[in-house]
Amino acid sequence: MSGHSKWANIKHRKEGQDQKRGQIFSKLARAIAIAVKEGGSADPESNSKLRTFIQQAKEANMPKENIRRAIEAGQKHAENLTHFLLEGYGPHGVAVIIDVATDNRQRSVQEIKNIFSRGGGRLAEPGAVTFQFTRQAKAITPPLNENKLLAVMDFPKINDWKEEKQQVIFSLNPDYLSDFINFLKKENITLLKSSITMEARTPLENTNERQRQQISRFLDELRDHDDVQAVYTNFL
């Protein structure tokens with residue numbers, strides 16, 4: 191029985207991992223399709239936003255066929271897709287920005303509004319939260335020796351960098367992320383992950399353990415919504 195129980199646990203864990211991977215691929219596919227629509231081109235060489243999301247899909251080990259279908263979806267069904275931000279305050283005053291990509295705006299907004307209501311928060315008017323955040327691009331590499339690090343410092347658009355958990359994290363203006371990725375390739379530096387994010391200027395403070403758990407559950411429910419591409423918050 192112990193062997194059966196162990197197998198059942200492994201099988202359950204794998205199913206959970208497969209479901210999570212499928213959700214990630216689905217969100218990346220929608221982001222790629224939106225990028226084709228917003229960038230006006232299915233060519234990543236001339237569409238920097240598309241190039242960025244294709245890079246993220248590759249980093250997530252998304253199959254090439256999935257990427258190709260997502261690009262085609264952006265070409266064929268662009269009129270059905272919409273991309274927008276929602277802003278609000280969750281439990282205990284946590285500030286939240288939600289990046290949404292959907293084929294039904296009204297449904298998505300209502301479902302996200304319901305998540306806020308259940309969590310004890312509310313959606314806010316445009317601009318009520320975004321002023322608390324700064325848009326940043328992140329690029330993560332493995333640890334670099336001094337020569338490699340000096341080479342990267344030659345790239346003129348880096349705002350900041352830090353070493354953390356056996357990684358080097360570079361911050362820069364999002365407009366230059368694709369150029370930086372190409373720069374790393376030329377320098378033969380491995381890119382582990384890249385992303386565009388919204389960083390809170392001031393973190394949420396003075397929360398106790400019970401409040402932090404409530405905030406975490408609320409944010410997890412937002413992130414698990416199929417139409418939510420990303421959640422940015424001042425909860426660190």
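Residue numbers for the sequence shown follow our numbering, so the first one is 191 and each next one is one higher. Where a beta carbon is used, it is the ideal one built from N, C-alpha and C, also for glycine.
Test item: CB-CB of residue i and residue j under 8 Å
i: Thr434; j: Arg295; result: Outside the shown range of the chain, which is 191 to 426, sits residue 434, and nothing can be said about it.
i: Pro332; j: Leu374; result: no
i: Val418; j: Ile214; result: no
i: Leu313; j: Gly278; result: yes
Local Cβ density within 10 Å of residue i, reported as buried at 16 or more and exposed below that
i: His267; result: exposed
i: Gly280; result: buried
i: Pro234; result: buried
i: Trp197; result: Summary for Trp197: the model assigns pLDDT 49, below 50, so the residue's position carries little reliability; its value from the coordinates is reported in the next sentence. Burial call: exposed.
i: Thr392; result: exposed
Selected residue, minimal CA-CA separation from residue i, among the options
i: Val286; options: Glu399, Leu339, Leu394 and Gln403; result: Leu394
i: Asn424; options: Glu411, Thr397 and Asp416; result: Thr397
i: Glu315; options: Arg211, Ser384, Ser216 and Val299; result: Val299
i: Pro346; options: Lys338, Glu336, Asn363 and Lys355; result: Asn363
Close beta carbons around residue i, own chain, < 7 Å, minus the five adjacent residues each side
i: Asp350; result: Ser361
i: Ala260; result: Ala219, Ile222 and Ala223
Beta-carbon contacts of residue i that lie in its chain and below 6 Å, excluding the five residues immediately before and after
i: Phe243; result: Ala221, Ile222 and Ala225
i: Ser406; result: none
Enclosing alpha helix (DSSP H) for residue i [first to last residue]
i: Met343; result: Glu336 to Met343
i: Arg413; result: Glu399 to Asp414
i: Phe243; result: Ser238 to Glu249
i: Asp369; result: Leu367 to Lys376
i: Ala314; result: Premise fails: Ala314 lies in the beta strand (DSSP E), Arg312 to Ala314, not in any alpha helix (DSSP H).
Any non-hydrogen atom of the ligand NAD within 7 Å of residue i CB
i: Asp369; result: Within the structure as shown, the ligand NAD is missing, as the structure has no ligands at all.
Nonlocal neighbours in the same chain, by C-beta distance under 8 Å from residue i, ignoring five residues either side
i: Glu249; result: Leu381, Leu382, Lys383 and Ser384
i: Ile305; result: Phe408, Glu411, Leu412 and His415
i: Lys376; result: none
Span of the beta strand (DSSP E) around residue i
i: Phe323; result: Phe323 to Thr331
i: Asn349; result: Ile348 to Glu353
i: Gln419; result: Val418 to Thr423
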